[in-house]
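Take any residue in the sequence shown, count from 1 to its spot, add 10: that is its number in my numbering.
For glycine and all other residues, C-beta sits at the position ideal for the given N, C-alpha and C.
Just so it is clear, the structure is predicted and the values come from calculations on it, not from any experiment.
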Amino acid sequence: MNSGAPPVHELSPGAPGGDLVVLAHGLEDSWESWRPLARAFDPRWRVLVLDLPWRPGSDYRWRRQESAAGWLAAGLQRLPRPPDTIVAHSFGANATLELMAAGHSSARATVLICPLYCPPEQPVTWQVFDRARRTFDRHIRDGLRLRLGQRLRTLDEAVLDGMIAKAIDRIGPAGFLTVFDQFIGSGTLALTTVTTPTLILAGGADPTLSPAAAATLGRDMPRATLLVHEHYDHFCHVRHAVEVAEQATRFVGEVGQVAVRP
């Protein structure tokens, strides 16, 4: 395991005896993107977030040191105790999937928001590669626009286009291939062995995970609950933070009730 474990930040102190919830962000996303969701969570939860090495500005050399799942595991080891729930988005959700499939997650429940998934029966063709590249560029564009927030209104369209092009160039092939490798590898994970109750949130407006692929992912995980919302895009945890928080809170509560049932 790499010694330079990801930093941990606290977004909510929670209440004594409350659940410990840890959040794992997506590629080229910041740990701070979780703030809207954390504010909407059950206030009794202590919410910690990992600042994972695939944050914005990464040069992707972290891949040579450890896998995404390995970095996630290193971050989890820094927590005061094993988390009750892991909530993960996109690339972070795939790292979580990989960790669970290897039997290395002790969380009581998991929430995966817009994971990347390539069904085992899907051949990996150049057409799939090209489509994934277009989707990757779109996510970088949408993610940048989202992070700009209110500043977006004051930016000239040409300036914004230049910022987006610069971001895509900076990330380069290394960033895209990191995501694509995680995507095609997802279909080889031993998902049928995952016994952690898992909520999968997907969106009809998210090109990363089609409803059909989401259904296959949910089918292959024996204790998965799949919710697909047509108005959700890849960043639904930010745009619809209250809705996502309500669904996550309800799911975690139901898992807890089952766990204590005699």
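### Query
Who does Glu20 pair with in a DSSP beta bridge?
Your numbering for residue 20 matches position 10 in the sequence shown. DSSP output for Glu20 lists Leu58 as bridge partner(s).
### Task
Return helix, strand or coil for Ala48, following the three-state DSSP convention.
Residue numbering aside, residue 48 sits at position 38 when the sequence shown is read from its first letter. Collapsing the DSSP output to three states places Ala48 in a helix.
### Message
Once the 5 residues before and after Ile178 are set aside, which same chain residues still bring their CB inside 7 Å of it?
### Response
Within the sequence shown, residue 178 is the residue found at index 168, counting from 1. Excluding sequence neighbours, Ile178 sits near Asp147 and Ile150.
### Query
Can you give the Cα-Cα distance for Tyr70 and Gly102, rounded to whole angstroms?
Residue 70 sits at position 60 when you count from the first residue of the sequence shown. Residue 102 sits at position 92 when you count from the first residue of the sequence shown. Computed Cα separation, rounded: 15 Å.
### 3 or more residues per run - each beta strand (DSSP E) lying fully within the segment 110-145
If we require 3 residues or more, the beta strand (DSSP E) runs fully inside the segment 110-145 come out as 119-123.
### Neighbour-count burial assignment, Thr95, 16 or more Cβ in a 10 Å radius
Here residue 95 refers to the residue found at position 85 when the sequence shown is read from its first residue. The residue is buried, with at least 16 neighbouring Cβ atoms inside 10 Å.
### Query
Looking at C-beta atoms only, is the number of pairs between the segment 205-225 and the segment 235-249 that lie closer than 8 Å three or more?
Cβ pair count under 8 Å is three or more, so yes.
### C-alpha gap between Asp39 and Ala25, whole angstroms
On the sequence shown, residue 39 is found 29 positions in, with the first residue counted as 1. On the sequence shown, residue 25 is found 15 positions in, with the first residue counted as 1. Rounded to the nearest whole angstrom, the C-alpha separation of Asp39 and Ala25 is 28 Å.
### Query
Going by other Cβ atoms of all chains shown within 10 Å of its Cβ, with 16 needed for buried, is Gln160 buried or exposed?
Translated into positions along the sequence shown, residue 160 becomes position 150. Exposed is the call here.
### Task
Would you kindly work out how many angstroms separate the C-alpha atoms of Arg54 and Pro46, rounded to a whole number?
Locating residue 54 in the sequence shown gives position 44, where the first residue counts as 1. Locating residue 46 in the sequence shown gives position 36, where the first residue counts as 1. If you draw a straight line from the Cα of Arg54 to the Cα of Pro46, it is about 16 Å long.
### Query
Are there 16 or more other CB atoms within 10 angstroms of the CB of Val270, so buried, or fewer, so exposed?
For the purposes of this step, residue 270 is taken as the residue at position 260 of the sequence shown. Unreliable positioning characterises Val270 in this predicted model, as indicated by a pLDDT of 40, which lies under 50. The coordinate reading is nonetheless provided below. So Val270 ends up on the exposed side.
### Task
Give me whichever residues DSSP pairs with His99 in a beta bridge.
For this step, residue 99 is matched to residue 89 along the sequence shown. Partner(s): Ile123.
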